[in-house]
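Asks: The numbering used here numbers the first residue of the sequence shown as 1 and each following residue consecutively.
Just so it is clear, CB atoms sit at the ideal spot from N, CA and C, and this is done for glycine as well.
Nothing here was measured: the structure is a model prediction, and the numbers come from that model.
Here it is, the structure, as structure tokens.
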Amino acid sequence: MLLPTLRETPADAEIKSHQLLVRAGYIRQIASGVYSFLPIGRRVLRKVEEIVRDEMDKAGAHEMLMAALQPAELWKETGRWDTFGPELMRLHDRHEREFALGATHEEVITSIVRDEVKSYKKLPLTVYQIQNKFRDEKRPRFGLLRGREFLMKDAYSFHDSFESLDGTYQRLFDAYSNIFRRCGLNFRAVIADSGAMGGKDTHEFMVLSDVGEDTIAYSDTSRYAANIEMAPVITEYDKSNEEPKEMEKVATPEQKTMQQVADYLGHGLDQGLKSIMFKVDERFVMVVTRGDHEVNDVKLKNLYDASLIDLASEEETRKLMGAGFGSLGPIGVPAEVEVVADFAVEAMVNTTCGANEEGYHFVNVTPGKDFSIDKYADLRFIQEGDPSPDGEGNIKFARGIEVGHVFKLGKFYAEKMDATYLNDQGKANTMIMGCYGIGVSRTLASIVEQYHDEDGITWPANVAPYHVHLLTLNPKKEEQAALGEELYQKLQAQGIDVLYDDRKERPGVKFADSDLIGIPLRITVGKRAGEGIVEFKERATKEQLELETDQVIAQVKTFLGK
Ligand code: ATP
Ligand code: MG
């Protein structure tokens with residue numbers, strides 16, 4: 001069998017799943033972000049695929065297989081030939097026609113459905129495929145977590161109404177929850193940003209893991225979870241009952257940062273105001289928050305329904321305000337600059353802010369009395385300890401790996417590609433779409449991130465490459481070889497997947513490989529083979545027993561729930 005194990009950790013592998021999948025002989029890299037699956041790797045991939053297929057089929061979706069090689073014309077119809085950028089792998093055929101390797105399949109499926117489905121009577125419909133995708137990622141890394149060729153399950157649904165889309169979205173949301181639960185994963189479905197796509201609802205399925213690239217805000221008591229940029233802040237701020245004092249200008253020489261100014265003036269970060277100049281499309285907006293809060297630019301963008309948002313440059317800021325970044329404040333702002341503030345600011349009394357003059361701050365400043373705000377809104381990032389937006393419990397943060405994504409696309413693609421159907425009045429309407437992805441190879445790696453110990457992988461039984469790892473310690477001994485062979489046949493006859501190690505290797509090598517590969521159960525045929533006694537061990541708990549042959553088969557079946 002092609003099952004090469006390594007004792008050493010590969011130098012380029014930074015995270016556990018990458019290290020262990022290479023060391024234990026599951027995968028091999030052939031180029032940056034491009035991997036081959038060796039036989040046991042293929043087996044795990046198949047197990048995950050089968051769970052995905054089973055749940056997708058149950059949710060009413062039908063499997064198909066689209067071409068990976070896609071003509072540029074299709075991508076030009078939606079404009080994504082230009083907007084997708086360098087992530088799209090492009091090539092020419094011998095006639096110099098342009099093609100892309102499928103990074104995703106909205107264009108292909110929409111063109112098929114546009115040509116084949118003409119009537120509302122054929123809607124709704126949902127299709128999916130499991131196929132390698134190609135994306136020339138800027139930073140392929142972490143092994144299977146961010147590859148340039150990777151296995152994805154992608155599904156697309158077509159509807160004649162938004163209610164119909166809502167129904168399918170919910171069914172697939174539930175299917176995804178089942179899939180990740182059956183993979184043994186600790187995950188959350190989080191509310192995500194629909195971004196530039198113009199869609200509405202979107203959820204990402206996140207596996208909780210320190211190596212994840214995203215930060216999730218979740219409730220410590222309910223199922224609420226959101227990408228931090230999406231979580232609204234519902235904190236009610238108690239208005240300070242301090243008497244407002246007379247505002248005063250004070251010198252704050254050499255004090256640059258918020259923290260330095262607060263220390264210099266002898267108060268906490270949360271007692272000062274932070275003022276930041278943004279460029280929102282074509283206008284300038286000063287955003288004021290409490291000193292310990294961070295501006296959430298997604299919220300600012302939504303407040304203005306803007307398409308572009310950026311920090312103003314130091315130069316632009318100076319030109320407008322007569323002072324640079326560290327000295328800004330909402331007092332004496334020119335009329336062309338709008339001033340908006342986070343709700344927390346409204347409750348503050350006798351606070352401090354920059355004086356729009358290098359080296360000076362105002363103290364004893366009270367909003368409403370000393371300056372006015374054009375608009376108060378929820379403009380800050382949620383923080384740990386804030387009340388959960390669903391009103392239950394408090395917020396905690398965790399890192400997450402995005403393994404799945406469900407998205408209400410609406411009419412975005414159908415409009416661009418002219419995918420219409422005739423309704424019951426015979427009138428042409430644009431189709432409504434949803435799309436739903438799962439990173440199958442990324443899911444596999446995420447399982448390893450959650451299931452390993454110092455010796456290797458500890459697969460949950462549902463996705464393990466085999467159920468039982470059977471070892472004969474000394475196959476040259478007649479009774480060991482015979483009992484090993486007998487067990488191998490008997491277990492297989494019961495429908496149990498067995499990896500049989502009868503190599504002529506030292507016991508230490510066999511045990512180490514077995515721990516590394518991580519099959520949930522191990523049966524060792526050793527010294528007591530003559531008495532018909534073998535050792536049974538659970539990989540994850542390391543519990544071990546000596547059992548007779550028929551007992552051991554019963555024990556395996558009990559463990560697997562067979
Ligand atoms: P990311 O933000 O991680 O780049 P994405 O938003 O580009 O993901 P989608 O286009 O929604 O991802 O793709 C669907 C799923 O495919 C993702 O949820 C993820 O699990 C998986 N996926 C995306 N890019 C990669 C990649 N480079 N390697 C492995 N899996 C990936
Ligand atoms: Mg991406």
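1. Let me check you understand the geometry: is the CB of Phe-442 closer than 6 Å to at least one non-hydrogen atom of the ligand ATP?
2. Could you check the C-alpha separation between Ser-177 and Gly-400 for me, to the nearest Å?
3. Looking at the unbroken alpha helix (DSSP H) that takes in Arg-97, where does it start and where does it end?
4. Any contact of the stretch 439 to 455 with the stretch 136 to 144, i.e. 3+ C-beta pairs under 8 Å?
5. Under DSSP, the beta strand (DSSP E) around Met-206 begins and ends at which residues?
6. For Asp-370, name the three-state secondary structure that DSSP assigns.
7. Helix, strand or coil for Tyr-264 per DSSP?
8. DSSP has Pro-334 in a bridge; who is on the other side?
9. Residue range of the alpha helix (DSSP H) that Ile-517 falls in?
10. Using 6 Å as the cut-off, classify the Cβ of Phe-180 as near or not near the heavy atoms of the ligand ATP, replying yes or no.
11. Start and end of the beta strand (DSSP E) containing Pro-71?
12. Any chance the CB of Arg-522 is under 6 Å from a heavy atom of the ligand ATP?
13. Compare the beta carbon distance of Leu-165 and Ile-432 with 7 Å and say whether it is the shorter of the two.
14. Could you give the first and the last residue of the continuous beta strand (DSSP E) run that contains Arg-290?
15. How would you call Met-565, buried or exposed, if buried means at least 16 neighbouring beta carbons within 10 angstroms?
16. For Met-197, I'd like the list of residues in its chain whose CB is within less than 8 Å of its CB, leaving aside the five on either flank, ordered along the chain.
17. Residues bridged to Ser-157 by DSSP?
18. Shorter than 6 Å, the distance from the beta carbon of Met-206 to the closest heavy atom of the ligand ATP, or not?
19. Can the beta-carbon of Pro-389 be found closer than 7 Å to that of Pro-232?
20. When we look at the beta-carbon of His-467 and count the other beta-carbons within 10 Å, is it buried (16 or more) or exposed?
21. Do the CB positions of Thr-458 and Ala-377 come within less than 7 Å of each other?
22. What do you reckon, are the CB atoms on Leu-3 and Arg-23 nearer than 7 Å?
23. Hey, how far is the Cα of Gln-492 from the Cα of Lys-557?
24. From the DSSP output, read off the bridge partner residues of Gly-404.
25. Indicate the three-state DSSP secondary structure (helix, strand or coil) for Met-66 in the structure shown.
26. Between Asp-136 and Tyr-35, what straight-line distance do the alpha-carbon atoms span, to the nearest angstrom?
27. Determine the contact status of Phe-134 and Met-89, defining contact as a CB-CB distance below 7 Å.
28. Okay, do the stretch 347 to 363 and the stretch 205 to 223 touch, 3+ Cβ pairs below 8 Å being the bar?
29. As an exercise, report each continuous alpha helix (DSSP H) stretch of at least 4 residues that is fully enclosed by the stretch 449 to 517, in chain order.
30. Between the alpha carbons of Arg-148 and Phe-536, how many angstroms are there, rounded?
31. Got a sec, what are the start and stop residues for the alpha helix (DSSP H) Leu-269 sits in?
32. Taking only the alpha-carbon atoms, compute the straight-line gap between Glu-454 and Gly-495 and give it to the nearest angstrom.
33. Is the stretch 245 to 253 close to the stretch 421 to 438, with three or more CB pairs under 8 Å?
34. So the alpha helix (DSSP H) Tyr-413 belongs to, where does it begin and stop?
35. How close, in whole Å, do the beta carbons of Leu-123 and Tyr-421 come, if the pair is a contact with beta carbons under 8 Å?
36. Ser-17 lies in the alpha helix (DSSP H); which residues open and close that run?
Replies: Taking the structure as given:
1. Counting from one through the sequence shown, the residue named residue 442 turns up at place 442. Reading off the sequence, residue 442 comes out as Arg, not Phe. Yes, the ligand ATP has a heavy atom inside 6 Å of this Cβ.
2. In the sequence shown, residue 177 corresponds to position 177, counting from 1. In the sequence shown, residue 400 corresponds to position 400, counting from 1. Roughly 15 Å between the two C-alpha positions.
3. Against the sequence shown, residue 97 aligns to sequence position 97. First-last for Arg-97: undefined, no H or E at that position.
4. yes
5. If you number the sequence shown from 1, residue 206 lands on position 206. That run of the beta strand (DSSP E) goes 202 to 208.
6. By 1-based counting over the sequence shown, the position of residue 370 is 370. If DSSP states are grouped into helix, strand and coil, Asp-370 belongs with coil.
7. In the sequence shown, counting from the first residue as 1, residue 264 sits at position 264. Here Tyr-264 sits in helix by DSSP.
8. Position 334 of the sequence shown, counting from 1, holds the residue named residue 334. Looking at the DSSP assignment, Pro-334 forms no beta bridge with any residue, so it has no partner.
9. Your numbering for residue 517 matches position 517 in the sequence shown. Per DSSP, Ile-517 belongs to the alpha helix (DSSP H) from 507 to 517.
10. Numbered from 1 along the sequence shown, position 180 holds the residue referred to as residue 180. Outside the cutoff, so no.
11. Taking the first residue of the sequence shown as 1, we reach residue 71 at position 71. Here the beta strand (DSSP E) through Pro-71 covers 69 to 71.
12. Mapped onto the sequence shown, residue 522 falls at position 522. Answer for Arg-522: no, Cβ out of range of the ligand ATP.
13. Along the sequence shown, read from residue 1 onward, the residue named residue 165 stands at position 165. Along the sequence shown, read from residue 1 onward, the residue named residue 432 stands at position 432. Result yes, Cβ atoms of Leu-165 and Ile-432 sit closer than 7 Å.
14. In the sequence shown, counting from the first residue as 1, residue 290 sits at position 290. Taken as a continuous stretch (DSSP letters only), the beta strand (DSSP E) holding Arg-290 covers 283 to 290.
15. No answer is possible for residue 565: it lies beyond the span of the chain, which begins at 1 and ends at 562.
16. Residue numbering aside, residue 197 sits at position 197 when the sequence shown is read from its first letter. For Met-197, the predicted structure reports a pLDDT of 48, less than 50, and the residue's modelled location is therefore unreliable. A value from the coordinates is still provided. Here the set comprises Phe-407, Leu-409, Phe-412.
17. By one-based count along the sequence shown, residue 157 stands at place 157. Answer by DSSP bridge pairing, in chain order: Thr-126, Gly-434.
18. Within the sequence shown, the letter at position 206 stands for residue 206. Checking the Cβ of Met-206 against the ligand ATP gives no.
19. Against the sequence shown, residue 389 aligns to sequence position 389. Against the sequence shown, residue 232 aligns to sequence position 232. In this structure, Pro-232 lies closer than 7 Å to Pro-389 by Cβ.
20. Counted from its first residue, the sequence shown places residue 467 at position 467. Under this definition His-467 is a buried residue.
21. For this step, residue 458 is matched to residue 458 along the sequence shown. For this step, residue 377 is matched to residue 377 along the sequence shown. Taking 7 Å as the Cβ cut-off, Thr-458 and Ala-377 do not qualify as a contacting pair.
22. Here residue 3 is taken as the residue at index 3 of the sequence shown, counted from 1. Here residue 23 is taken as the residue at index 23 of the sequence shown, counted from 1. No; because the gap between Cβ atoms is not below 7 Å, this pair is not in contact.
23. The residue you call residue 492 lines up with position 492 of the sequence shown. The residue you call residue 557 lines up with position 557 of the sequence shown. About 12 Å.
24. Here residue 404 is taken as the residue at index 404 of the sequence shown, counted from 1. BP columns for Gly-404 point to Phe-205, Ile-438.
25. For this step, residue 66 is matched to residue 66 along the sequence shown. Here Met-66 sits in coil by DSSP.
26. Numbered from 1 along the sequence shown, position 136 holds the residue referred to as residue 136. Numbered from 1 along the sequence shown, position 35 holds the residue referred to as residue 35. Going by the C-alpha atoms only, they are around 14 Å apart.
27. Counting from one through the sequence shown, the residue named residue 134 turns up at place 134. Counting from one through the sequence shown, the residue named residue 89 turns up at place 89. Yes, the Cβ-Cβ distance between Phe-134 and Met-89 is below 7 Å.
28. no
29. 478 to 493, 507 to 517
30. Numbered from its first residue, the sequence shown carries residue 148 at position 148. Numbered from its first residue, the sequence shown carries residue 536 at position 536. For Arg-148 and Phe-536, the distance between alpha carbons rounds to 41 Å.
31. By one-based count along the sequence shown, residue 269 stands at place 269. Run containing Leu-269: none; DSSP gives neither H nor E here.
32. Along the sequence shown, one-based indexing puts residue 454 at 454. Along the sequence shown, one-based indexing puts residue 495 at 495. Each residue's Cα considered, the two are about 31 Å apart.
33. no
34. Mapped onto the sequence shown, residue 413 falls at position 413. That run of the alpha helix (DSSP H) goes 412 to 417.
35. As a position in the sequence shown, residue 123 is number 123, starting the count at 1. As a position in the sequence shown, residue 421 is number 421, starting the count at 1. That pair is a contact at about 6 Å.
36. Residue mapping note: residue 17 aligns to position 17 of the sequence shown, counting from 1. First-last of the alpha helix (DSSP H) with Ser-17: 16 to 23.
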